Amino acid sequence: MKRLFSILAMAGLFVLSTNTVSAKANAMVSNLSATVATAVMTIQETPAEDMAEEKGFTQVLKEQFIQGGAGFMGIVLLCLILGLAVAIERIIYLNMASTNTDKLKQQVEDALASGGIEAAKEVCRNTRGPVASIYYQGLDRAGEGVESAEKAVVAYGGVQMGQLEKNVSWLSLFIAIAPMLGFMGTVIGMIQAFQKISAVGNLSASLIAG
Numbered sequence: 013m014k015r016l017f018s019i020l021a022m023a024g025l026f027v028l029s030t031n032t033v034s035a036k037a038n039a040m041v042s043n044l045s046a047t048v049a050t051a052v053m054t055i056q057e058t059p060a061e062d063m064a065e066e067k068g069f070t071q072v073l074k075e076q077f078i079q080g081g082a083g084f085m086g087i088v089l090l091c092l093i094l095g096l097a098v099a100i101e102r103i104i105y106l107n108m109a110s111t112n113t114d115k116l117k118q119q120v121e122d123a124l125a126s127g128g129i130e131a132a133k134e135v136c137r138n139t140r141g142p143v144a145s146i147y148y149q150g151l152d153r154a155g156e157g158v159e160s161a162e163k164a165v166v167a168y169g170g171v172q173m174g175q176l177e178k179n180v181s182w183l184s185l186f187i188a189i190a191p192m193l194g195f196m197g198t199v200i201g202m203i204q205a206f207q208k209i210s211a212v213g214n215l216s217a218s219l220i221a222g
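Each residue of the sequence shown is one higher than the last, beginning at 13 in my numbering.
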């Protein structure tokens with residue numbers, strides 16, 4: 013009889029321990045499944061969030077430009093295009109006008125020593141750039157005296173400076189106009205928002221956003 017009770021007690025303990033282990037195993041499996049599901053959802057959502065957060069500069073600029081309206085933003089874009097055109101033209105002109113002055117000076121001195129003024133003028137004619145042109149004007153007036161040659165150099169130097177600075181004032185104008193147009197568009201947008209609030213009598217974010 014005692015042996016029977018012992019066997020029944022051991023069987024009960026075995027069943028109880030088995031149920032406990034099964035419950036713990038099920039809980040662990042459930043927790044593991046939930047963790048895996050969360051990880052999968054995170055992996056699936058991360059690229060979309062990264063794409064939303066990591067928009068390119070061009071895309072953001074395009075969106076802001078479209079939201080700004082075609083009226084003022086079109087003028088700003090025109091200023092940008094014209095400013096770039098003038099800047100590129102000036103860069104090309106200044107690069108073409110650049111001269112190795114030390115080399116030109118040595119060539120002119122050698123030509124003066126070997127062939128006189130006409131040979132030096134020929135060197136200046138064959139060299140591009142404003143420095144060579146100024147040299148030529150001074151040599152061309154060399155027979156009229158030092159004072160006349162100096163006046164010719166100063167006068168033609170002013171002409172060449174004007175050529176080098178040509179259209180630069182347009183760049184300053186575009187640089188000044190474009191921000192002012194942007195500020196004007198902002199002010200007009202604020203005025204329109206206040207007019208909508210005054211007409212409706214209700215303040216809401218959607219109303220202000222238009």
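We put the CB at the ideal spot given by N, CA and C, even for glycine. Remember, it's a predicted structure, so these values are computed and weren't measured experimentally.
Quick one: grab the DSSP three-state call for G157.
Your numbering for residue 157 matches position 145 in the sequence shown. Of the three classes helix, strand and coil, the one that applies to G157 here is coil, per DSSP.
In its own chain, which residues sit with a C-beta less than 7 angstroms from the C-beta of V143, not counting the 5 before and 5 after it?
If you number the sequence shown from 1, residue 143 lands on position 131. Annotation for V143: T111, T113 and L116 place their beta carbon closer than 7 angstroms to its own, counting only its chain and skipping 5 residues before and after.
Range of the contiguous alpha helix (DSSP H) that encloses E134:
In the sequence shown, counting from the first residue as 1, residue 134 sits at position 122. Run containing E134: T113 to R137, per the alpha helix (DSSP H) assignment.
When burial is assigned at 16 or more other CB atoms within 10 Å of the CB, is A164 buried or exposed?
Stepping through the sequence shown from its first residue, residue 164 is reached at position 152. Per the 10 Å Cβ criterion, buried.
Out of A132, M192, A161 and T70, which has the shortest C-alpha to C-alpha gap to M85?
One-based indexing of the sequence shown puts residue 85 at position 73. Taking only the C-alpha atoms, the option nearest M85 is M192.
How many angstroms separate the CA atom of F206 from the CA atom of M196?
To locate residue 206, count along the sequence shown from 1; it is residue 194. To locate residue 196, count along the sequence shown from 1; it is residue 184. Distance from the CA of F206 to the CA of M196, rounded to the nearest whole angstrom, comes to 15 angstroms.
Check the C-beta distance from V98 over to G194 and give it rounded, since I have them as a contact under 8 angstroms.
Within the sequence shown, numbered from 1, the residue matching residue 98 stands at position 86. Within the sequence shown, numbered from 1, the residue matching residue 194 stands at position 182. That belief does not hold up - the Cβ atoms of V98 and G194 are roughly 20 angstroms apart, past 8 angstroms.
Under 9 angstroms, do V135 and A125 count as touching if we go by C-beta distance?
Taking the first residue of the sequence shown as 1, we reach residue 135 at position 123. Taking the first residue of the sequence shown as 1, we reach residue 125 at position 113. Cβ distance not < 9 angstroms, so V135 and A125 don't count as in contact.
Express the C-alpha separation of K208 and S181 in angstroms, rounding to a whole number.
Here residue 181 refers to the residue found at position 169 when the sequence shown is read from its first residue. Here residue 208 refers to the residue found at position 196 when the sequence shown is read from its first residue. Computed Cα separation, rounded: 41 angstroms.
Within 10 angstroms of its Cβ, does A132 collect 16 or more other Cβ (buried), or is it exposed?
The residue labelled residue 132 in the question sits at position 120 within the sequence shown. Flag for A132 reads buried.
I need the DSSP call for S210, collapsed to helix, strand or coil.
Along the sequence shown, read from residue 1 onward, the residue named residue 210 stands at position 198. Of the three classes helix, strand and coil, the one that applies to S210 here is helix, per DSSP.
Whole-angstrom distance between L106 and Q118, CA atom to CA atom:
To locate residue 118, count along the sequence shown from 1; it is residue 106. To locate residue 106, count along the sequence shown from 1; it is residue 94. If you take the alpha carbons of Q118 and L106, they lie about 23 angstroms apart.
Secondary structure of K163, DSSP reduced to three states
As a working mapping, residue 163 is identified with position 151 in the sequence shown. In the structure shown, K163 sits in a helix (DSSP, three-state: H, G or I).
Going along the chain, which residues of its own chain have a beta-carbon closer than 7 angstroms to the beta-carbon of Q149, five neighbours each way excluded?
If you number the sequence shown from 1, residue 149 lands on position 137. Around Q149: A164, V165 and Y168.
For V120, is the classification buried or exposed, using 16 other Cβ atoms within 10 angstroms of its Cβ as the cut-off for buried?
The count along the sequence shown starts at 1 and reaches residue 120 at position 108. V120 comes out buried.
Classify L151: buried if its beta carbon has 16 or more other beta carbons within 10 angstroms, exposed otherwise.
As a position in the sequence shown, residue 151 is number 139, starting the count at 1. With 16 or more Cβ atoms within 10 Å of its Cβ, L151 is classed as buried.
Flag this pair as yes or no: are the beta carbons of G141 and M108 separated by less than 9 angstroms?
The residue you call residue 141 lines up with position 129 of the sequence shown. The residue you call residue 108 lines up with position 96 of the sequence shown. Yes, Cβ-Cβ distance for G141 and M108 is below 9 angstroms.
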